[in-house]
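Working notes, structure below.
There are 2 protein chains.
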Amino acid sequence: MRFETLLIIGGGLIGSSIARAARATGQSKAIFIADTSEAACKTITQLGIADGVADGPADHFAAQADLIILCTPSARLATTAMALMPSMKPGAVLTDVGSVKGHFVEALAGHVRDDIHFVPGHPIAGTENSGPESGFAELFEDRWCVLTPPKDTDETAVAELTSFWEALGSDVAVMEPSRHDIVMATTSHLPHLIAYTLVGTAIDMETVTRKEVVKFSAGGFRDFTRIAASDPVMWRDVFLTNKKATLEVVDRFIEDLTALKRAIRWDDGDTLLDNFAKTRDIRRRILDADKD
Amino acid sequence: MRFETLLIIGGGLIGSSIARAARATGQSKAIFIADTSEAACKTITQLGIADGVADGPADHFAAQADLIILCTPSARLATTAMALMPSMKPGAVLTDVGSVKGHFVEALAGHVRDDIHFVPGHPIAGTENSGPESGFAELFEDRWCVLTPPKDTDETAVAELTSFWEALGSDVAVMEPSRHDIVMATTSHLPHLIAYTLVGTAIDMETVTRKEVVKFSAGGFRDFTRIAASDPVMWRDVFLTNKKATLEVVDRFIEDLTALKRAIRWDDGDTLLDNFAKTRDIRRRILDADKD
Chain A
10 MRFETLLIIG GGLIGSSIAR AARATGQSKA IFIADTSEAA CKTITQLGIA
60 DGVADGPADH FAAQADLIIL CTPSARLATT AMALMPSMKP GAVLTDVGSV
110 KGHFVEALAG HVRDDIHFVP GHPIAGTENS GPESGFAELF EDRWCVLTPP
160 KDTDETAVAE LTSFWEALGS DVAVMEPSRH DIVMATTSHL PHLIAYTLVG
210 TAIDMETVTR KEVVKFSAGG FRDFTRIAAS DPVMWRDVFL TNKKATLEVV
260 DRFIEDLTAL KRAIRWDDGD TLLDNFAKTR DIRRRILDAD KD
Chain B
10 MRFETLLIIG GGLIGSSIAR AARATGQSKA IFIADTSEAA CKTITQLGIA
60 DGVADGPADH FAAQADLIIL CTPSARLATT AMALMPSMKP GAVLTDVGSV
110 KGHFVEALAG HVRDDIHFVP GHPIAGTENS GPESGFAELF EDRWCVLTPP
160 KDTDETAVAE LTSFWEALGS DVAVMEPSRH DIVMATTSHL PHLIAYTLVG
210 TAIDMETVTR KEVVKFSAGG FRDFTRIAAS DPVMWRDVFL TNKKATLEVV
260 DRFIEDLTAL KRAIRWDDGD TLLDNFAKTR DIRRRILDAD KD
């Protein structure tokens with residue numbers, strides 16, 4: 010058992026799901042959770058998903074932990090890492106679950122102790138719900154987890170963290186932080202920004218009532234509302250920390266949408282048809298990938 | 010039995026589902042389907058969902074029908090209606106399932122025979138699949154069907170068509186064509202245009218491979234691909250026939266997205282948070298509406 014003692018910082022949807030999954034799959038003997046919210050700690054204690062809970066400093070847990078997973082809002086990742094680092098056990102692994110990697114890796118550059126292993130991570134899993142009560146052990150099954158270790162990171166540490174995520178049911182991919190951020194800007198951050206915007210636009214239409222929006226949501230709108238119900242604080246931080254890549258893909262999107270808008274205005278049905286036809290292939294490939 | 014003989018023009022997803030549902034719920038004694046595609050007619054015959062099938066002119070069926078439902082692509086609705094009208098039985102009801110209503114109603118204005126009842130309709134139901142083999146009898150259950158009868162339409166005819174859709178499991182709403190079109194532009198047409206655009210933008214990113222898009226689609230992108238797999242021809246026609254309302258909501262959307270983009274560029278987290286927080290309420294209201 011490589012990670013006998015596990016410390017999770019932040020016991021929300023992701024953190025509490027890791028605790029449940031790690032226990033269910035027997036990854037650790039002791040699982041500790043620290044959370045700055047007193048209410049969250051109370052819920053975690055009631056749920057019985059941790060062997061120890063702290064609503065204040067977690068240095069005593071950090072001193073014992075073989076693996077620390079930071080599951081705080083991304084804005085607090087770097088400062089939380091800095092605060093815990095002096096207490097950490099030599100040889101321990103420090104990772105996180107933040108949706109943006111470049112920002113976090115840069116913030117810690119030059120500050121990571123030589124005798125610990127820093128392997129940033131991002132499990133691509135989640136629901137639109139938040140809080141410890143929303144978590145469940147199966148959240149990571151058949152999902153990708155991306156690890157973005159800095160150059161010269163100990164390969165054994167990367168392999169051990171890979172095994173941990175695989176034990177939780179995930180497939181693991183390793184890539185550069187900047188590549189992770191542009192891929193996620195495309196497949197996750199832009200879709201969320203678009204969904205938030207679309208739902209907001211519909212709410213604000215003076216000519217259409219909210220009641221009508223709710224009533225006739227089955228025509229396509231409904232799918233967007235699920236995404237747009239995601240944690241607002243988390244997503245604010247994602248966009249602000251992955252600013253460069255987000256702005257790049259948003260600009261591309263607006264350009265493409267403007268081209269389609271122009272085609273509609275000028276009755277250019279061929280352009281519309283060409284664009285609509287090419288998107289079906291991706292759906293087929295996603296469904297094929299499900300089967301594998 | 011008000012509609013003893015039913016004629017469906019166009020036996021695709023919607024038309025074939027109506028045939029199945031009308032038979033399953035005993036709405037008609039005879040159900041005929043006409044479709045210009047020979048292959049579709051063959052499938053319909055094999056499926057055994059109609060009492061008669063025509064792959065050419067359907068005048069002989071139209072002469073017997075108490076209810077004709079046009080389920081052709083929207084671009085062909087008006088000409089199909091014009092072609093059938095001379096053969097229609099006095100007192101019969103003519104309706105359709107087109108996603109855009111103003112355009113169709115205007116095209117037929119002044120051309121509808123005095124002795125038949127013209128009650129345009131739009132069942133808000135569908136899947137991303139097309140063709141007669143994709144249909145199923147339950148497609149309209151717990152879905153809204155909007156009817157947009159012109160002024161002075163016989164109220165009995167509207168009530169009878171309402172009963173027909175209710176028998177298929179739908180809730181029926183009656184509204185003006187122009188109101189229908191702006192509501193649908195908001196809750197259906199804009200979401201589809203956005204989904205097509207987003208998937209297209211992702212495909213075209215030079216810095217992200219299609220393989221990566223498929224692999225990491227679980228982060229939000231995946232939901233869009235389902236919508237963007239919808240019938241390209243149908244959606245081209247929707248946007249071109251509901252041009253005014255679509256352009257209006259697209260412009261609003263681009264404005265709102267540009268405002269969020271600006272907030273990201275200038276690190277204006279409060280604006281992002283305000284916008285993201287207001288969209289949760291709509292999700293809750295949609296889920297509450299489900300329960301009722």
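From first to last, the protein sequence lines stand for chains A and B. Taking the working numbering as reference, the numbering of the first sequence is continuous, increasing by one, and the terminal residue is 301. Taking the working numbering as reference, the numbering of the second sequence is continuous, increasing by one, and the terminal residue is 301. Note that CB positions come from ideal geometry on N, CA and C, so glycine has one too. In this text the structure is predicted, and so the values were computed from the model without any measurement.
Contact list for residue i against chain A, beta-carbon separation under 7 Å
| i | result |
| --- | --- |
| serine 143 (chain B) | Per Cβ cutoff of 7 Å: no residues; serine 143 (chain B) is ~14 Å from chain A at best. |
| leucine 320 (chain B) | Since the first and last residues shown for chain B are 10 and 301, residue 320 (chain B) lies out of range. |
| asparagine 138 (chain B) | Chain A residues near asparagine 138 (chain B): none, gap ~11 Å exceeds 7 Å. |
| glycine 303 (chain B) | In the structure displayed, chain B extends from 10 to 301; residue 303 (chain B) sits before or after that span and is not available. |
| aspartate 276 (chain B) | Leu249 |
| threonine 171 (chain B) | Result: empty, since nearest Cβ-Cβ is about 16 Å, beyond 7 Å. |
| threonine 216 (chain B) | Ile191 |
Helix, strand or coil at residue i [DSSP, three-state]
| i | result |
| --- | --- |
| proline 82 (chain B) | coil |
| histidine 120 (chain B) | coil |
| alanine 134 (chain B) | coil |
| aspartate 68 (chain B) | helix |
| alanine 101 (chain B) | coil |
| aspartate 180 (chain A) | strand |
| glycine 107 (chain A) | coil |
| isoleucine 125 (chain A) | coil |
| threonine 234 (chain B) | helix |
| threonine 14 (chain A) | strand |
| asparagine 284 (chain B) | helix |
| threonine 210 (chain B) | helix |
| valine 217 (chain A) | coil |
| threonine 54 (chain B) | helix |
| threonine 195 (chain B) | helix |
| phenylalanine 145 (chain B) | coil |
| phenylalanine 113 (chain A) | helix |
Cut-off 7 Å between Cβ atoms - residues of its own chain near residue i, not counting five sequence neighbours on either side
| i | result |
| --- | --- |
| phenylalanine 233 (chain B) | Ala204, Leu207 and Val208 |
| glycine 144 (chain B) | Leu22, Ser25, Ser26 and Arg29 |
| threonine 34 (chain B) | Ala176 and Leu177 |
| glutamate 164 (chain B) | none |
| lysine 300 (chain A) | none |
Beta-carbon contacts of residue i that lie in its chain and below 8 Å, excluding the five residues immediately before and after
| i | result |
| --- | --- |
| leucine 56 (chain A) | Ser25, Pro141 and Glu142 |
| aspartate 180 (chain A) | Asp151, Arg152, Trp153 and Cys154 |
| serine 5 (chain A) | As shown, chain A starts at 10 and ends at 301. That puts residue 5 (chain A) outside it, with no answer to give. |
| glutamate 7 (chain A) | Lying outside 10 to 301, the shown extent of chain A, residue 7 (chain A) is not represented and no answer is given. |
| threonine 162 (chain A) | His126, Phe127 and Val128 |
| alanine 194 (chain A) | Asn251, Ala254, Thr255, Glu257 and Val258 |
Chain A contact residues for residue i, given Cβ-Cβ distances below 8 Å
| i | result |
| --- | --- |
| tryptophan 153 (chain B) | Lys224, Phe225 and Ala227 |
| isoleucine 295 (chain B) | Val223, Ser226, Arg231 and Thr234 |
| isoleucine 133 (chain B) | Phe225, Ala227 and Gly228 |
| lysine 300 (chain B) | Per Cβ cutoff of 8 Å: no residues; lysine 300 (chain B) is ~12 Å from chain A at best. |
| arginine 219 (chain B) | Ile291 and Arg294 |
Other residues of its chain near residue i: CB distance less than 6 Å, five sequence neighbours each side excluded
| i | result |
| --- | --- |
| histidine 189 (chain A) | Lys110, Val155 and Thr157 |
| proline 99 (chain A) | Asp124 |
| isoleucine 53 (chain B) | Gly20, Ile42, Ala59, Val62 and Pro141 |
| glutamate 169 (chain B) | Arg11 |
| serine 96 (chain B) | Asp68, Ala71 and Ala72 |
| isoleucine 133 (chain B) | Arg152 and Trp153 |
| tryptophan 174 (chain A) | Cys154 and Val181 |
| alanine 116 (chain A) | Ala87 |
Those residues which DSSP pairs with residue i across a bridge
| i | result |
| --- | --- |
| valine 155 (chain A) | A:His131 and A:Ala182 |
| glycine 61 (chain A) | A:Phe41 |
| leucine 296 (chain B) | Looking at the DSSP assignment, leucine 296 (chain B) forms no beta bridge with any residue, so it has no partner. |
| isoleucine 23 (chain A) | Isoleucine 23 (chain A) pairs with nothing; no bridge assigned. |
| isoleucine 77 (chain B) | B:Leu16 and B:Leu103 |
Proximal chain B residues relative to residue i, where beta-carbon distance stays under 9 Å
| i | result |
| --- | --- |
| threonine 14 (chain A) | By Cβ distance, chain B contributes nothing, its closest Cβ being about 30 Å from threonine 14 (chain A), past 9 Å. |
| threonine 255 (chain A) | Lys270 and Ile273 |
| isoleucine 212 (chain A) | Lys287, Thr288, Asp290 and Ile291 |
| alanine 237 (chain A) | Phe285, Thr288, Arg289, Ile291 and Arg292 |
Interface residues of chain B facing residue i [CB-CB closer than 8 Å]
| i | result |
| --- | --- |
| serine 197 (chain A) | Phe225, Gly228, Gly229 and Phe230 |
| arginine 245 (chain A) | Gly278, Leu281, Leu282 and Phe285 |
Where residue i meets chain B, residues with beta-carbon distance less than 7 Å
| i | result |
| --- | --- |
| proline 241 (chain A) | Leu282, Phe285 and Ala286 |
Under 8 Å by beta carbon: chain D residues contacting residue i
| i | result |
| --- | --- |
| arginine 261 (chain A) | Among the protein chains of the structure shown, namely A and B, there is no chain D. |
- Task: Check whether the segment 217–235 of chain A touches the segment 290–298 of chain B, taking contact to mean three or more Cβ pairs, one atom from each stretch, closer than 8 Å.
- Result: Touching, per the Cβ criterion.
- Task: Spell out a yes or no on whether the segment 271–279 of chain B and the segment 266–277 of chain A are touching, meaning 3 or more CB-CB pairs, one atom from each, closer than 8 Å.
- Result: Counting C-beta pairs with one atom in each stretch, the segment 271–279 of chain B and the segment 266–277 of chain A have fewer than three that are closer than 8 Å, which means they do not touch.
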